[in-house]
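Per full-length UniProt numbering, the very first residue in the sequence shown carries number 1; after that it's consecutive.
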Amino acid sequence: MRLARIIACVFVAAAAPVAAQTPPTLGETAKAMVGSWEFSNADRDKVCTVTFKSDRNAVGFKVEFNAGCAGLFPLVGDVAGWTFPENDLLRLLDAQGRALAEFSEVEDGIYEAPTPGVGVLFIQSASTAAPAKTPQQIAGNWNVMQGEKTLCSLTLAPTAVKDAFALTVKPGCDGGIAGQNFTQWRLDREELLLVPSRGEPWRFEEIEPNTWRRLPESVDALTLVKQ
1 MRLARIIACV FVAAAAPVAA QTPPTLGETA KAMVGSWEFS NADRDKVCTV TFKSDRNAVG
61 FKVEFNAGCA GLFPLVGDVA GWTFPENDLL RLLDAQGRAL AEFSEVEDGI YEAPTPGVGV
121 LFIQSASTAA PAKTPQQIAG NWNVMQGEKT LCSLTLAPTA VKDAFALTVK PGCDGGIAGQ
181 NFTQWRLDRE ELLLVPSRGE PWRFEEIEPN TWRRLPESVD ALTLVKQ
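Spelled out as structure tokens, the structure:
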């Protein structure tokens with residue numbers, strides 16, 4: 001009888017660590033991530049869908065990307081799971097539990113991850129993300145205007161040049177704009193950028209179809225209007 005009690009105690013003691021290792025449940029912050037989200041680069045010319053799941057796996061929780069996503073973002077092929085500890089970074093993990101990308105919330109429902117060798121990656125709600133503009137939609141002839149006055153005419157081509165697209169300034173351009181020597185343009189999420197040979201790009205936001213306003217706003221704001 002005494003031997004039976006000793007054996008029983010041994011089994012109870014052996015079982016205790018197992019109970020202590022029970023996988024944790026999702027925290028409140030992580031629960032809000034469960035579902036499908038848009039996964040993109042900064043220009044949003046590469047977009048696919050990531051689905052965060054609440055099922056546990058060896059490194060965290062299960063995650064799935066839609067077909068073709070690995071072709072746009074090769075690192076996706078190595079993603080084995082995700083974690084999002086309370087008040088910490090959202091991490092995409094490989095099979096060894098190493099972080100491939102770490103996302104922080106920069107706006108309500110928008111997360112970004114500067115990732116070496118990849119650039120800045122974004123995750124945002126698929127239900128609220130605005131349709132991404134494509135270079136083909138932007139390409140064409142545009143006027144730079146101040147009020148009703150045309151200051152310059154530009155051609156934004158869909159031809160890739162390094163990490164941007166070709167831009168041609170037409171003759172007769174206002175000196176203040178011609179002096180910038182714009183040669184490239186690109187999209188940066190919801191903004192259209194005119195890239196000069198030196199200095200910072202001019203940024204524009206879309207205020208109505210085919211009309212973009214220069215940022216930051218000013219009394220004599222410039223607009224880009226498609227011809």
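Ideal Cβ placement from N, Cα and C applies to all residues, glycine included. These numbers come from a predicted model, not from an experiment.
Buried versus exposed call for D163 [16 or more other C-beta atoms within 10 Å across all chains shown]:
Residue mapping note: residue 163 aligns to position 163 of the sequence shown, counting from 1. Classification of D163: exposed, given that the 10 Å Cβ count is below 16.
Looking only at DSSP bridge pairs, what is C48 linked to?
Taking the sequence shown and counting its residues from 1, one reaches residue 48 at position 48. Beta-bridge partners of C48 (DSSP): F39.
Smallest Cα separation from P158: which of T134, G172, T150?
On the sequence shown, residue 158 is found 158 positions in, with the first residue counted as 1. Put simply, of T134, G172, T150 the residue whose alpha carbon is nearest the alpha carbon of P158 is T134.
For P135, three-class secondary structure by DSSP:
Taking the first residue of the sequence shown as 1, we reach residue 135 at position 135. Here P135 sits in helix by DSSP.
Can you give the Cα-Cα distance for residue 230 and G27, rounded to whole angstroms?
The chain is shown only over 1 to 227; residue 230 falls outside these bounds and no answer can be derived.
Using the Cα positions of C9 and E38, report the straight-line distance between them to the nearest angstrom.
Here residue 9 refers to the residue found at position 9 when the sequence shown is read from its first residue. Here residue 38 refers to the residue found at position 38 when the sequence shown is read from its first residue. For C9, the pLDDT reaches just 42, beneath the cut-off of 50, and the residue's location in the model is therefore unreliable, although a value from the coordinates is still provided. Those two C-alpha atoms are separated by around 53 Å.
Give the straight-line distance between the Cα atoms of A221 and V195, rounded to the nearest whole angstrom.
On the sequence shown, residue 221 is found 221 positions in, with the first residue counted as 1. On the sequence shown, residue 195 is found 195 positions in, with the first residue counted as 1. Approximately 18 Å between the Cα atoms of the pair.
Assign K226 to one of three DSSP states: helix, strand, or coil.
Counting from 1 along the sequence shown, the entry for residue 226 is found at position 226. Here K226 sits in strand by DSSP.
What is the DSSP secondary structure of I207, reduced to helix, strand or coil?
Position 207 of the sequence shown holds residue 207. For I207, the secondary structure class from DSSP, reduced to helix, strand or coil, is strand.
Rounded to the nearest angstrom, what separates D88 and F103 at their Cα positions?
On the sequence shown, position 88 is the one that residue 88 refers to. On the sequence shown, position 103 is the one that residue 103 refers to. Looking at the two C-alpha atoms, the distance is approximately 9 Å.
Classify Q124: buried if its beta carbon has 16 or more other beta carbons within 10 angstroms, exposed otherwise.
Here residue 124 is taken as the residue at index 124 of the sequence shown, counted from 1. So Q124 ends up on the buried side.
Using a threshold of 8 Å, state whether the C-beta atoms of R213 and D43 are closer than that.
Numbered from 1 along the sequence shown, position 213 holds the residue referred to as residue 213. Numbered from 1 along the sequence shown, position 43 holds the residue referred to as residue 43. Contact flag unset, no.
Pick helix, strand or coil for V169, following the three-state DSSP scheme.
Translated into positions along the sequence shown, residue 169 becomes position 169. Strand.
Report buried or exposed for R198, applying the criterion of at least 16 other Cβ atoms within 10 angstroms of its Cβ.
Residue mapping note: residue 198 aligns to position 198 of the sequence shown, counting from 1. Counting every other CB atom within 10 Å of its CB across the protein chains shown gives R198 a total below 16, marking it as exposed.
Can you find the residues in the same chain that come closer than 8 Å, C-beta to C-beta, to K53, ignoring five residues on each side of it along the sequence?
Here residue 53 is taken as the residue at index 53 of the sequence shown, counted from 1. Only V34, F61, K62, V63, E64 meet the Cβ criterion.
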